[in-house]
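A.B. asks: In this text, residue positions in the sequence shown follow the numbering used here: the first is 1, and each later residue adds one.
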Amino acid sequence: MHDILKKPFRLHNTIQHYKWGPTPPDAFIPQLLGIDGEKNTNYAELWIGAHPSAPSKIKIEDDLVPLNDLIHRFPDLILGKYVAGRFNNSLPFLFKVLSAAEVLSIQTHPTKGQAELLHKTEPRHYPDTNHKPEIAIALDSLTALAGFATYYQCHKTVLHYPEIAGFLGRDALSDLFPLRKLSRKQQSEQLRQMYQTFIHLTQTKPGLYQRSVNALARRLRSKQLRRSRRENLFLDALEKYGSSDVGLFSLFLLRMITLKAGEAIAISPGIPHAYIKGNIIECMANSDNVVRAGLTKKFQDTHTLMTILDYTPNPIQIISPVQTDNGYEYPVFTPEFKISRSELAKGSQTYQTGKQIEIILVTKGAGTLKWNSVKQSEIIKKGYSFIIPGILDNYTIHSEKPMTIFRVQIPLF
Ligand SMILES: [Zn+2]
């Protein structure tokens, strides 16, 4: 078995057809994979990894074997000894291509401690004990909501939208936005108060919330002026999720950011976020623990949400990767994964694995993947992904056309 496993394996990955994904001919994932997408089918995510609900598969002799099974049978050979020992014989990350045509649900992730507690008390909604640090790298561009807007921006918002101000109520507003200068700490405290008041009111006065939402919608629809992107998102989401969704007003309280190709954001625990539009590479710790905050029909746990949200204004920095000899490295901020992007001109490049598992994905170009002192080779091209098992020390990519390759490894610390 040892010898059979000593080679890179091409991965056969699962496509997730969530409703917010684009449909052909505009869908990115079929274009990346070089397949004809099916008409009227949403292409939202491509999952590359060993997650038990949709593991990638590899071909061994004539069988398609799920990657999680293979890892389970040969953890040291596939993961490498360090990873197998540190992460309990499992692949610690999930790698994805995500393609959003419309806004996803607003969500936030728990810390490890919070996830352990949530899983213990409500395993049905919190399926594992893990945290979910996540990085999103724009392939073309990405628009997203990430973190709360600043205290002053939120104040402007309530002044600008009388329907939101009216819902919060005059008394609450004078407490939330006092006419004096506030320290940064006081500002996030006020934001916390504001959001808690808002969520509390959506629970205690659902009728008033729906009326306020509908009033804003009516006014925006009748407006002669051009609507902002946020206002259009609000109207679309209202149609989809109905007027009681707490995300509808939250949309106006979060910060909207746009990333250019290659730029990234890292989402730490407690940060509310929702991707709106764009094609991205995403990598996260292998976990399904999300706490939803609206724009969804799925289970919402507002009580938990209140306890884990981070109210630091503008907490997200847009990351530009660090340039290296043949590409770019993204900062390492969690033990489960690190990600880099190689930009190869024509020629050969050898990569050392450090005897740990790697996953690579080609998003541009074509060439050959060589191993075993370049005596063996396989075609590699746009849309192809491979695992490099831990028993392989190194591999070489010879590019015939300029290539872009995303490489996920596990940091050694
Ligand atoms: Zn997320």
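Even glycine gets a Cβ: it sits at the ideal position worked out from N, Cα and C.
Give a single yes or no on whether His109 has its beta carbon closer than 8 Å to a heavy atom of ligand 1.
C.D. replies: On the sequence shown, residue 109 is found 109 positions in, with the first residue counted as 1. Yes, the Cβ of His109 comes within 8 Å of a heavy atom of ligand 1.
A.B. asks: By DSSP, does Asp140 sit in helix, in strand, or in coil?
C.D. replies: By 1-based counting over the sequence shown, the position of residue 140 is 140. Residue state, collapsed to three classes: strand.
A.B. asks: Please name the residue in Ile78, Leu104, Ile15 and Ile29 whose C-alpha comes closest to that of Ala274.
C.D. replies: Taking the sequence shown and counting its residues from 1, the one referred to as residue 274 is at position 274. Comparing Cα positions, the closest option is Leu104.
A.B. asks: Between the alpha carbons of Ser377 and Met306, how many angstroms are there, rounded?
C.D. replies: Here residue 377 is taken as the residue at index 377 of the sequence shown, counted from 1. Here residue 306 is taken as the residue at index 306 of the sequence shown, counted from 1. Each residue's Cα considered, the two are about 53 Å apart.
A.B. asks: What do you reckon, is the C-beta of Glu134 under 8 Å from a heavy atom of ligand 1?
C.D. replies: Against the sequence shown, residue 134 aligns to sequence position 134. Yes - ligand 1 has a heavy atom lying nearer than 8 Å to the Cβ of Glu134.
A.B. asks: How would you call Glu231, buried or exposed, if buried means at least 16 neighbouring beta carbons within 10 angstroms?
C.D. replies: On the sequence shown, position 231 is the one that residue 231 refers to. By the 10 Å Cβ count, Glu231 comes out buried.
A.B. asks: Please look up how many angstroms separate the CB atoms of Lys297 and Tyr241, rounded, as I've assumed it's under 8 Å.
C.D. replies: Residue mapping note: residue 297 aligns to position 297 of the sequence shown, counting from 1. Residue mapping note: residue 241 aligns to position 241 of the sequence shown, counting from 1. Going by Cβ atoms, the distance from Lys297 to Tyr241 rounds to 6 Å, so yes, they are a contact pair.
A.B. asks: Could you pull out every residue in the same chain whose Cβ sits closer than 8 Å to the Cβ of Arg219, ignoring the five residues on either side in sequence?
C.D. replies: Start at 1 with the first residue of the sequence shown, and residue 219 comes out as number 219. Excluding sequence neighbours, Arg219 sits near Glu163.
A.B. asks: Sort out for me which residues DSSP pairs Thr396 with in a bridge.
C.D. replies: The residue given as residue 396 occupies position 396 in the sequence shown. Paired residue(s): Thr350 and Lys370.
A.B. asks: In the DSSP assignment, what residue or residues form a beta bridge with Met284?
C.D. replies: Position 284 of the sequence shown, counted from the first residue, corresponds to residue 284. Bridge partners of Met284: Leu94 and Glu134.
A.B. asks: Compute the beta-carbon to beta-carbon distance between Pro315 and Gly147, rounded to the nearest angstrom, for a pair I have assumed lies under 8 Å.
C.D. replies: What you label residue 315 is simply residue 315 of the sequence shown in a count that begins at 1. What you label residue 147 is simply residue 147 of the sequence shown in a count that begins at 1. Yes, Pro315 and Gly147 are in contact; Cβ-Cβ is about 5 Å, under 8 Å.
A.B. asks: Look at the alpha carbon of Lys6 and the alpha carbon of Ile357, and state the distance between them as a whole number of angstroms.
C.D. replies: Locating residue 6 in the sequence shown gives position 6, where the first residue counts as 1. Locating residue 357 in the sequence shown gives position 357, where the first residue counts as 1. Distance between the alpha carbons of Lys6 and Ile357: 12 Å.
A.B. asks: Bridge partners of Tyr275, per DSSP?
C.D. replies: Stepping through the sequence shown from its first residue, residue 275 is reached at position 275. Looking at the DSSP assignment, Tyr275 forms a beta bridge with Ala144.
A.B. asks: Decide if Ala101 is buried, meaning its Cβ has at least 16 other Cβ atoms within 10 Å, or exposed.
C.D. replies: In the sequence shown, residue 101 corresponds to position 101, counting from 1. Result: buried.
A.B. asks: Answer with buried or exposed for Glu282, where buried requires no fewer than 16 other C-beta atoms within 10 angstroms of its C-beta.
C.D. replies: The residue labelled residue 282 in the question sits at position 282 within the sequence shown. Per the 10 Å Cβ criterion, buried.
A.B. asks: If you draw a straight line from the alpha carbon of Ser342 to that of Ile397, how long is it in whole angstroms?
C.D. replies: Start at 1 with the first residue of the sequence shown, and residue 342 comes out as number 342. Start at 1 with the first residue of the sequence shown, and residue 397 comes out as number 397. Cα to Cα, the separation comes out at about 11 Å.
A.B. asks: Taking 7 Å as the limit between beta carbons, can you name the residues of its chain near Tyr161, skipping five residues before and five after?
C.D. replies: In the sequence shown, counting from the first residue as 1, residue 161 sits at position 161. Result list for Tyr161: Leu216 and Phe252, in chain order.
A.B. asks: With distances taken Cα to Cα, identify the nearest neighbour of Gly304 among Leu145, Glu122, Ala366 and Lys375.
C.D. replies: Your numbering for residue 304 matches position 304 in the sequence shown. With the sequence shown as reference, residue 304 is identified as Thr, and Gly is not the correct amino acid for it. Measuring from the Cα of Thr304, the nearest candidate turns out to be Glu122.
A.B. asks: Once DSSP output is grouped into helix, strand and coil, what is the label at Glu61?
C.D. replies: As a position in the sequence shown, residue 61 is number 61, starting the count at 1. Coil, per DSSP.
A.B. asks: Pick helix, strand or coil for Ala266, following the three-state DSSP scheme.
C.D. replies: Position 266 of the sequence shown, counted from the first residue, corresponds to residue 266. Of the three classes helix, strand and coil, the one that applies to Ala266 here is strand, per DSSP.
A.B. asks: For the segment 157–195, which segments carrying the alpha helix (DSSP H) assignment without a break, of at least 4 residues, lie completely within its bounds, in sequence order?
C.D. replies: The segment 157–195 contains these whole alpha helix (DSSP H) runs: 162–168 and 170–176.
A.B. asks: Flag Met194 as yes when its Cβ comes closer than 8 Å to any non-hydrogen atom of ligand 1, and as no otherwise.
C.D. replies: As a working note, residue 194 is residue 194 in the sequence shown. No, since every heavy atom of ligand 1 falls outside the 8 Å radius drawn around the Cβ of Met194.
A.B. asks: If you compare alpha carbons, which of Phe198, Lys96 and Phe87 is closest to Ile359?
C.D. replies: Start at 1 with the first residue of the sequence shown, and residue 359 comes out as number 359. Comparing Cα-Cα distances from Ile359 to each of Phe198, Lys96 and Phe87, the minimum goes to Lys96.
A.B. asks: Is the Cβ-Cβ distance between Thr258 and Thr143 less than 9 Å?
C.D. replies: Taking the sequence shown and counting its residues from 1, one reaches residue 258 at position 258. Taking the sequence shown and counting its residues from 1, one reaches residue 143 at position 143. Yes.
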